[in-house]
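Going by the working numbering, the first residue of the sequence shown is number 108, and it counts up by one from there. All C-beta atoms, glycine included, are put in the ideal place defined by N, C-alpha and C. The structure under discussion appears below in the form of structure tokens.
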Amino acid sequence: MPPAAAGFTSVTTLDEERIRELVRFTARTLDTGQPVPFGALIVHTKSGERLMRATNAVMRENDPSSHAEVRTVRLASKKLKSPSLAGYTMYSTCEPCPMCMANALWARLDRVIFGATIADANFYCLQIHIPAKEVARRSDMACLVEGPVLRELCNTLFTHPNMQKAFRTWSSGREKPGKP
Ligand SMILES: [Zn+2]
């Protein structure tokens with residue numbers, strides 16, 4: 108039987124490869140003084156050409172809105188000299204929060220594909236509990252949101268010892284791990 112009953116998914120092996128590449132890129136921060144588990148990547152939907160990638164810089168920039176997805180959209184739009192990223196796909200190591208998902212919709216991205224979930228991240232840091240798919244569903248913009256993809260791999264960014272140590276210094280960190 109085809110897996111149609113489980114629901115349609117547009118996720119391809121190429122999407123998975125890009126999540127892997129993004130995890131490797133994000134993991135580079137783990138050996139720095141300011142490790143983060145959050146990274147985002149924007150590629151051209153049809154050609155696959157990479158436009159921009161960035162990691163969370165809330166601590167580095169002292170800016171609570173400097174989430175990886177917002178930064179990547181900001182840098183990508185500046186590079187294109189356009190506020191529209193129609194024709195592009197964004198990957199994120201973690202499900203976009205409502206701020207990031209709303210920004211992705213305003214940017215008119217075609218697709219958003221994420222690794223770990225908001226619930227996964229909430230085990231280590233504070234979250235706003237509105238699923239990215241719900242934010243997209245309740246908007247006027249068409250954006251295909253897919254995930255979790257390679258969830259376990261993305262979760263290794265959170266469980267890395269350097270990351271665990273850093274979470275204890277975050278203002279949004281949890282003193283005690285939450286319930287999974
Ligand atoms: Zn966010």
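Ignore the nearest five residues each way along the sequence and tell me which others in residue i's own chain have a CB closer than 6 Å to its CB.
i: Ser184; result: Pro190
i: Ser172; result: none
i: Asn269; result: Leu137 and Pro142
i: Phe265; result: Pro144 and Tyr231
i: Val252; result: Val219, Ala239, Lys240 and Ala243
i: Glu176; result: Ala147, Ser199, Pro203 and Cys207
i: Met108; result: In this prediction, Met108 has a pLDDT of 40, which is less than 50 and means its spatial position is unreliable; what the coordinates show is noted afterwards. Here the set comprises nothing.
i: Met77; result: Nothing can be reported for residue 77, as the shown portion of the chain is limited to 108 through 287.
Ordered along the chain, which non-local residues of its own chain (more than five positions away) have a Cβ less than 7 Å from that of residue i?
i: Ser279; result: Cys232 and Leu233
i: Glu123; result: Val256 and Leu257
i: Thr116; result: Glu253
i: Phe178; result: According to the sequence shown, residue 178 is Arg rather than Phe. So the qualifying residues of the chain are Ala161 and Ala164.
Exposed or buried, which one is residue i when buried takes at least 16 other CB atoms within 10 Å?
i: Ile126; result: buried
i: Ala112; result: With a pLDDT of only 44 at Ala112, under the threshold of 50, the placement of this residue in the model should not be trusted; the figure read from the coordinates follows. It is exposed - the Cβ of Ala112 has fewer than 16 other Cβ atoms within 10 Å.
i: His236; result: exposed
i: Cys227; result: Cys is not the amino acid found at residue 227; the sequence shown has Asp there. The residue is buried, with at least 16 neighbouring Cβ atoms inside 10 Å.
i: Ala273; result: buried
i: Pro110; result: The predicted position of Pro110 is uncertain, since its pLDDT is 44 and thus under 50; no value can be drawn from it.
i: Leu121; result: exposed
i: Met159; result: buried
i: Thr133; result: buried
i: Asn169; result: exposed
Using C-beta distances below 8 Å, list every residue in its chain close to residue i, excluding the 5 sequence neighbours before and after it, in chain order.
i: Leu216; result: Ile149, Val180, Leu192, Ala193, Tyr195, Thr196, Met197 and Cys250
Any 3 or more C-beta pairs closer than 8 Å across the stretch 194-207 and the stretch 141-149: With a cut-off of 8 Å on Cβ pairs, the stretch 194-207 is in contact with the stretch 141-149, counting three or more such pairs.
Chain-ordered residues, beta carbon under 7 Å from a heavy atom of ligand 1: Here the list is His174, Glu176, Val177, Pro203, Cys204, Met206 and Cys207.
contact_flag[the stretch 212-220, the stretch 133-143] where n(CB pairs < 8 Å) is 3 or more: Segments in contact, no.
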